[in-house]
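In my numbering, the protein residues as written are 1 to 195.
Cβ coordinates follow ideal geometry from the N, Cα and C atoms, glycine included.
Here is the structure we will look at, set down as structure tokens.
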């Protein structure tokens, strides 16, 4: 039996499990004795740039798109994938999400925590998912109480730090969330001392 914590890892928009694994090399190496990281690939093609994968795609600005309904259908498919992975390959001690993957992890914690049983979350360069259903889940079920570390980059030009702080403030119980800022940009910091 391994004493390492098993962590489910959700990549960012346009990434894949393999790409996220490669980009977390220094982080993985610095915590290799503590964490067993399990990377999965989102089920949708990232349509905005035409490569990589996505947990959901933003609605294009055309009249033939269902907009919010299509986006929520993609989120539901992603939730189903995460639930299946937890059921078939779990249990997992925690969840790590980067960028869009951090938003997806927050959705999963808000809507399926009872079945996932995560003991902690690390959300890096994340943001509040702009979806009515997510906010309704927070309003109806209460703020997420899973112990969570929200990591923001003060010089992140993709997802500015204030968006990560807003995620911590609006979706998580105050006593369960810690915000950690680093001086860098849109990446997972690799200094083990930070964690």
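- Within the region 98 to 143, the complete alpha helix (DSSP H) segments at least 4 residues long are 100 to 116, 132 to 141, listed from N- to C-terminus.
- Distance from the CA atom of residue 9 to the CA atom of residue 187, rounded to whole angstroms, is 14 Å.
- If you ignore the 5 residues before and after residue 110, its C-beta comes within less than 8 Å of the C-beta of 134, 137, 138, 141, 144, 171, all in its own chain and listed in chain order.
- In this model, residue 115 and residue 44 are separated by some 23 Å (Cα to Cα).
- By the 16-neighbour rule on beta-carbons within 10 angstroms, residue 155 is exposed.
- A distance below 6 Å between beta-carbons, with the five flanking residues on each side excluded, links residue 122 to the following residues of its chain, in chain order: 96, 149.
- Around the CB of residue 33, fewer than 16 other CB atoms lie within 10 Å, so the residue is classed as exposed.
- Assigned with DSSP and collapsed to three states, residue 162 falls in helix.
- Sequence-distant Cβ neighbours of residue 56 in its own chain, meaning closer than 6 Å and more than five residues away, are 71, 74, 75.
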